[in-house]
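Quick note on my numbering: the sequence shown kicks off at 1 and runs consecutively.
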Amino acid sequence: MIRTLRLIPAAIAVAAVAACNTTDADVERALDPLNVIDETNLADIMLSAASPNEAVDYFRRAVNEDPDRIDLQRGLGTSLVRAGRAAEALTVWQTVISHDGAMDQDRVDYADALIRTGDWDGAQAQLDATPPTFETYERYRLEAMIADSEEDWDRADSFYETAAGLTTRPANVYNNWGYSHLTRGDYAGAEELFVRAISYDPELFTAKNNLVLARAAQGNYALPLINMTQIERAQLLHTAALSAIRRGDVDEGRGLLNEAIDTHPQHFEAAVEALRALNA
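So this is what it looks like as structure tokens:
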């Protein structure tokens, strides 16, 4: 016990020396909110968990505090795209790729924002400026979309296949690839790709809806044997109904609309309006 008590003053003395060695810069750094953000990974949380517009507000404030931080600029550009504000993100990504710390991924992200604003040529220029050795899922997905826009189907297929092989979650790639075949008029090929997308992500409703469109384009209005909620079933019946009507199968479409209305657990306004217009 006596030995323990003797150690206490020594410990206090060490702590005092450490405190004396603490500089004003150390204190300022510790109190800097941006450094606190780094230590708690708040930036990553804002990108992954926050609502897009909340993330935009956060990163815009952070960039105003420290405009030279490229990681904060990246966060702002990414958040703006997530929030559906790709046009605003363009100037941010231009700043990022002009920075000394810019990386190849930054050009790919800039190309993504350009595609979202309809600047296909600009997006291709950014991908062309990215070294061919930089092979990522995101890069090849964008390359495939650009090839689609040019109706260069062979290149599109090649890029989609490569992109799917570079990710463990290829559902969206197969969905986009399937939609590409849908626009080409290859409905059977599209159907196969949508089924593959759903096999990787059974909750991807876009792929389910596209699958119904591909089947309906072949005159098959029966819903596929896939997992779906009651609301999804009603929505897919509605999609099949509209497809049937467009193909001239009006009676089939009317029956599907009635089934969609009966299936939906709530009032299905879109189906009711479509049926009303059809009967009128």
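Quick reminder that beta carbons are idealized off the backbone N, C-alpha and C, glycines included.
What residues in its chain sit with their C-beta under 8 Å from that of residue i, if we drop five residues either side in the sequence?
i: Tyr179; result: Ala190 and Asn210
i: Ala102; result: Ile70 and Val96
Going by other Cβ atoms of all chains shown within 10 Å of its Cβ, with 16 needed for buried, is residue i buried or exposed?
i: Val81; result: buried
i: Pro67; result: exposed
i: Ala25; result: Unreliable placement is indicated for Ala25, whose pLDDT of 47 sits below 50; the coordinate value is still reported in the next sentence. Per the 10 Å Cβ criterion, exposed.
i: Ile45; result: exposed
i: Thr133; result: exposed
i: Glu143; result: buried
i: Asn64; result: exposed
i: Ala62; result: buried
Please return the same chain residues whose Cβ sits closer than 6 Å to the Cβ of residue i, not counting the five positions on each side in sequence.
i: Ala86; result: Ala113, Arg116 and Thr117
i: Pro202; result: Asn227
i: Glu88; result: Leu80
i: Ala217; result: Tyr187
i: Pro265; result: Gln230
i: Glu28; result: Confidence at Glu28 is low in this model, with a pLDDT of 43, below 50, so the placement of that residue is unreliable and no value is reported for it.
i: Ala171; result: Ala197, Tyr200, Asp201 and Leu204
i: Ala274; result: Leu257
i: Ala280; result: none
Please look up how many angstroms separate the CB atoms of residue i and residue j, rounded, as I've assumed it's under 8 Å.
i: Arg74; j: Val96; result: 6 Å
i: Ala164; j: Tyr174; result: 6 Å
i: Trp93; j: Asp106; result: 7 Å
i: Ala240; j: Leu223; result: 7 Å
i: Arg169; j: Tyr200; result: 7 Å
i: Leu76; j: Arg60; result: 6 Å
i: Ile261; j: Val250; result: Their Cβ separation, rounded to whole angstroms, is 17 Å, which puts Ile261 and Val250 out of contact at 8 Å.
Could you give the distance in angstroms between the alpha-carbon of residue i and the alpha-carbon of residue j?
i: Arg155; j: Thr91; result: 30 Å
i: Asp157; j: Asp148; result: 9 Å
i: Ala129; j: Phe205; result: 35 Å
i: Tyr137; j: Arg276; result: 46 Å
i: Glu150; j: Ala83; result: 27 Å
i: Leu257; j: Arg139; result: 41 Å
i: Glu286; j: Asn176; result: Within the shown structure, residues of the chain are numbered from 1 to 280, placing residue 286 beyond reach of any answer.
i: Val195; j: Ala207; result: 8 Å
i: Ala270; j: Val56; result: 34 Å
i: Ala50; j: Phe268; result: 31 Å
i: Asp104; j: Gln235; result: 41 Å
i: Arg233; j: Thr263; result: 7 Å
i: Pro131; j: Asn53; result: 33 Å
i: Glu259; j: Ser98; result: 56 Å
i: Glu135; j: Leu166; result: 8 Å
i: Leu278; j: Arg254; result: 8 Å
i: Tyr160; j: Arg141; result: 6 Å
Can you find the residues in the same chain that come closer than 7 Å, C-beta to C-beta, to residue i, ignoring five residues on each side of it along the sequence?
i: Arg184; result: Trp153
i: Leu213; result: Leu182, Thr239 and Ser243
i: Gln124; result: Ile146
i: Glu192; result: none
i: Gln126; result: Arg107, Tyr110, Ala111 and Leu114
i: Leu72; result: Phe59, Ala62, Val63 and Asp66
i: Thr162; result: Tyr140
Check whether the Cβ of residue i lies closer than 7 Å to any heavy atom of the ligand SAH, and answer yes or no.
i: Asp106; result: Here there are no bound small molecules, and the ligand SAH is not part of this structure.
For chain D, check one thing: does any of its Cβ atoms lie closer than 8 Å to the Cβ of residue i?
i: Asp57; result: The structure shown contains no chain D, having only a single protein chain.
Run through the stretch 124 to 161 for me and flag every whole alpha helix (DSSP H) of 4 or more residues, listed as ranges in chain order. 137 to 149
Residue ranges of each alpha helix (DSSP H) within the stretch 177 to 206, 4 or longer: 187 to 200
Whole beta strand (DSSP E) elements within the stretch 237 to 270, 3-residue minimum: Entirely contained in the stretch 237 to 270, not one beta strand (DSSP E) run reaches 3 residues.
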